[in-house]
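Before any comments, here is the structure.
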Amino acid sequence: MNWETIIGLEVHVQLLTKTKAFCRCPNRYGDEPNTNICPTCLGLPGALPVPNRAVVEQAVRLSLAVGATVHEKSIWARKNYFYPDLTKGYQISQFDRPLATGGFLPVRLADGTIKRVGITRLHLEEDAGKSSHGEGADAAYSLIDFNRCGVPLVEIVSEPDLRSPEEAAAYLKTLRQLVVRLGVCDGNMEQGSLRCDANVSVRPIGETALRTRTEIKNVNSFKFVKQALEFEAQRHIAVYESGGRIRQETLLFDSARGETFSMRSKEEAHDYRYFPEPDMPPLIVEAAAVQRAKSELPELPWEMNERFEKQYGLTPYDVGVLTEDPDTAAFYEQVAALADPKLAANWVMGDLTALWKEREIGAAASPVTPAALAELIRLIAGGSISGKIAKDVLAAMAAGEGSPGEIVAKRGLTQISDSSSLEPMIEEVLKNNPKQLDQYKSGKTGLFGFFVGQIMKQTKGQANPQLVNDLLKKKLDG
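Under our numbering, think of the first position of the sequence shown as 1, with each following residue one higher.
Listed below in structure tokens is the structure:
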């Protein structure tokens, strides 16, 4: 039997506000445990929550970017459940009256087609704390850091429109690109700023009804999302084909073993005993505020991708790499305004990105400025230096030795593009390698590259490669 995989994602986006969702504690990752806490985010008796305006503004911004309808009135709700790191015993969230509904995310798939993945809802909620577990000298122990309690989240629930783990990973990448572009989240999946709960089921191809699904909780990388969904879909198929049935449950993914394992039976909405938050009135977002936020939206990732392809003549792959990070995209555009766009793309994606990774920095902290890289590209395009020499010049630029022109002049790296200078060198190389010359004339034309290499070695890489090829071919054919 041929099976079809049905996938829907619930993505938690941690918002980039200075303070938490309902109190003034800092919203900051990496501080000493239990230092960014107060009676409100700990849920102590008598402490009342107050919504953070910046949280609502960022959530509205994200909702509009995916074309969702932002509702004038939404309701805060209490979602009741017990976690050791959830001190209140409930989470302030939204249930039947969310902030926004509808919309879609345009996702570019591997074959270049665009798939519109529907959005069911976007709602606001607060995060729980963080538990860590380990083995002590005498016994197992658990530690709880409440710093994350009350950190603002937007949960984005997709329609079950995804049909493969690859599509799910592409959707998640597109969403990450969007939230980073909007400035509402840093997109750091390792730190939990972007987390994904993946719902998966399978059905025979041609069947229209949805079968029982399972949920894989808190997957924090594109790779693991793909692996977890692949494993779980195959598990469903194996169960059905052996005559069994799937139990609705929440699972965790063991990345070391590449397997899912059961966490708990899957809760339905009524298990959480949702009811309106009594300490806060309904959230009102006025139409004027929505219109203002809509007018202030930046160029969205898919709009930028289309423009890069048309304006700079780049491939979809090049565009995907260059626009993944807003700082890299801005850096590239500054270079492309001053030099050949395709060469600019190759250098930014290649040698410059390698330099940034080596130094563990991003485009914003690049030691090579866009103007300097553009100058280097112009030197290559104009025939002043070869691509090989340019790599050495780039390294010198990164080390602070000056501009490309200064480095080339100081080191005497100007490319030799004078036929009268290269012809005697070619004669000498052919004279010093009579055996290879005879073999070439006997039909072993693959030795052409050997001669080119010898000439480039003799000129210390400064000969114009194209001119060397032309002159050498003319000499050998003659």
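We put the CB at the ideal spot given by N, CA and C, even for glycine.
Quiz item: How should Tyr332 be labelled, buried or exposed, when 16 other C-beta atoms within 10 angstroms of its C-beta is the threshold for buried?
Solution: Buried is the call here.
Quiz item: First and last residue of the beta strand (DSSP E) that includes Ile119?
Solution: From DSSP, the beta strand (DSSP E) with Ile119 extends over Ile114 to Glu126.
Quiz item: Would you say the stretch 365-384 touches the stretch 424-435, given that touching needs at least three Cβ pairs under 8 Å?
Solution: In short, these stretches do not touch, since the Cβ pair count stays below three.
Quiz prompt | Rounded separation between Val335 and Ala344 - CA only | solution = For Val335 and Ala344, the distance between alpha carbons rounds to 6 Å.
Quiz item: Taking the DSSP output, what are the residues bridged to Thr174?
Solution: None; Thr174 has no bridge partner.
Practice problem: Ignore the nearest five residues each way along the sequence and tell me which others in Asn433's own chain have a CB closer than 6 Å to its CB. | Solution: Same-chain partners within the cutoff: there are none.
Quiz item: Can you give the Cα-Cα distance for Ile135 and Ser142, rounded to whole angstroms?
Solution: In the sequence under discussion, the amino acid at residue 135 is Glu, which differs from the Ile named in the question. Each residue's Cα considered, the two are about 9 Å apart.
Quiz item: How many angstroms separate the CA atom of Lys388 from the CA atom of Leu437?
Solution: Distance between the alpha carbons of Lys388 and Leu437 is about 26 Å.
Quiz item: Among Glu358, Lys457 and Tyr240, which one has its Cα closest to the Cα of Ala479?
Solution: Only positions 1 to 478 of the chain appear in this structure, which leaves residue 479 out of reach.
Quiz prompt | For Gln91, the nearest candidate out of Leu472, Ile385 and Gly43 (CA to CA) | solution = Comparing alpha carbon positions, the residue from Leu472, Ile385 and Gly43 closest to Gln91 is Gly43.
Practice problem: State the beta-bridge partners of Val41 as determined by DSSP. | Solution: Contrary to the premise, residue 41 reads as Cys rather than Val in this sequence. Beta-bridge partners assigned by DSSP to Cys41: none are found.
Exercise. Could you check which residue in Ser420, Ser384 and Leu229 has the C-alpha nearest to that of Ile407?
Key: Of the candidates Ser420, Ser384 and Leu229, the one whose C-alpha sits nearest the C-alpha of Ile407 is Ser384.
Quiz prompt | Simplified DSSP state of Gly134, which is helix, strand or coil | solution = Residue state, collapsed to three classes: strand.
Practice problem: Might you give, ordered along the chain, the residues of its own chain that have their beta carbon closer than 8 Å to the beta carbon of Glu286, omitting 5 neighbours on each side? | Solution: Answer for Glu286: Glu72, listed in chain order.
Quiz item: Taking DSSP as the reference, what is the three-state secondary structure of Glu159?
Solution: Under the three-state reduction of DSSP, Glu159 is assigned to coil, being neither helix nor strand.
Quiz item: Which partner residues does Asp145 have in the DSSP bridge list?
Solution: Paired residues: Lys130.
Practice problem: Can you tell me which of the three DSSP states Thr353 falls into? | Solution: Thr353: helix per DSSP, three-state reduction.
Exercise. Kindly indicate which residue of Gly382, Thr414, Ser386 and Ala372 has the alpha-carbon position closest to the one of Met397.
Key: With distances taken between CA atoms, Met397 lies nearest to Ala372 out of Gly382, Thr414, Ser386 and Ala372.
Self-check item: With 16 other Cβ atoms within 10 Å as the buried cut-off, status of Glu32
Solution: Counting other Cβ atoms within 10 Å of its Cβ, Glu32 stays below 16 and is therefore classed as exposed.
Self-check item: Nearest neighbour of Ala54, chosen from Lys460, Arg257 and Ala289 [CA to CA]
Solution: Taking each of Lys460, Arg257 and Ala289 in turn and checking the Cα distance to Ala54, the smallest one comes out for Ala289.
Quiz item: On the premise that Gln14 lies in contact with Pro151, defined as a C-beta separation below 8 Å, what is that separation, rounded to the nearest angstrom?
Solution: First, the residue type needs correcting, since residue 151 is Val and not Pro in the sequence shown. Yes, they are in contact, since the Cβ atoms of Val151 and Gln14 sit about 6 Å apart, within 8 Å.
Quiz prompt | Pick from Val200, Lys460 and Asp127 that is closest to Leu251, judged by C-alpha positions | solution = Of the candidates Val200, Lys460 and Asp127, the residue whose Cα lies closest to the Cα of Leu251 is Val200.
Quiz item: When the distance is taken between beta carbons, is Pro49 closer than 8 Å to Leu283?
Solution: Going by C-beta atoms, Leu283 is not nearer than 8 Å to Pro49.
Quiz prompt | Ala256 - partner residues in DSSP beta bridges | solution = Answer by DSSP bridge pairing: none, since Ala256 is not bridged.
Quiz prompt | Same chain only: Cβ atoms within 6 Å of Tyr440, ignoring 5 sequence neighbours per side | solution = Result list for Tyr440: Leu447, in chain order.
Quiz item: Which two residues bound the contiguous alpha helix (DSSP H) that contains Asn469?
Solution: Here the alpha helix (DSSP H) through Asn469 covers Pro465 to Asp477.
Quiz prompt | Rounded Cβ spacing between Val184 and Gln58 (contact assumed at less than 8 Å) | solution = Contact flag correct, Cβ pair sits at about 4 Å.
Quiz item: For the alpha helix (DSSP H) that contains Arg378, what are its first and last residues?
Solution: Residues Pro370 to Ala381.
Practice problem: Kindly indicate which three-state DSSP category Val66 falls into: helix, strand or coil? | Solution: Coil at Val66, not helix or strand.
Quiz prompt | Rounded Cβ spacing between Ser131 and Asp85 (contact assumed at less than 8 Å) | solution = Their Cβ separation, rounded to whole angstroms, is 5 Å, which keeps Ser131 and Asp85 in contact under 8 Å.
Quiz item: In angstroms, rounded to a whole number, what distance separates the CA positions of Gly361 and Lys435?
Solution: Sequence check: residue 361 is Ile here, not Gly. Straight-line Cα distance between these residues: approximately 51 Å.
Exercise. Within 10 angstroms of the Cβ of Gln248, are there 16 or more other Cβ atoms? Answer buried if so, exposed if not.
Key: The residue in question, Gln248, is exposed, as its Cβ has fewer than 16 Cβ neighbours within 10 Å.
Quiz item: Taking the DSSP output, what are the residues bridged to Lys217?
Solution: Looking at the DSSP assignment, Lys217 forms no beta bridge with any residue, so it has no partner.
Practice problem: Could you pull out every residue in the same chain whose Cβ sits closer than 6 Å to the Cβ of Ser392, ignoring the five residues on either side in sequence? | Solution: With the sequence shown as reference, residue 392 is identified as Asp, and Ser is not the correct amino acid for it. Same-chain partners within the cutoff: there are none.
Quiz item: Considering only C-alpha positions, which residue in the set Phe104, Tyr83 and Thr101 is nearest to Gly129?
Solution: Here the closest residue by C-alpha is Tyr83.
Self-check item: Cutoff 8 Å; reference Val180; Cβ partners in own chain excluding five residues on either side
Solution: Closer than 8 Å at Cβ, skipping near neighbours: Asp186, Gly187, Asp325 and Pro326.
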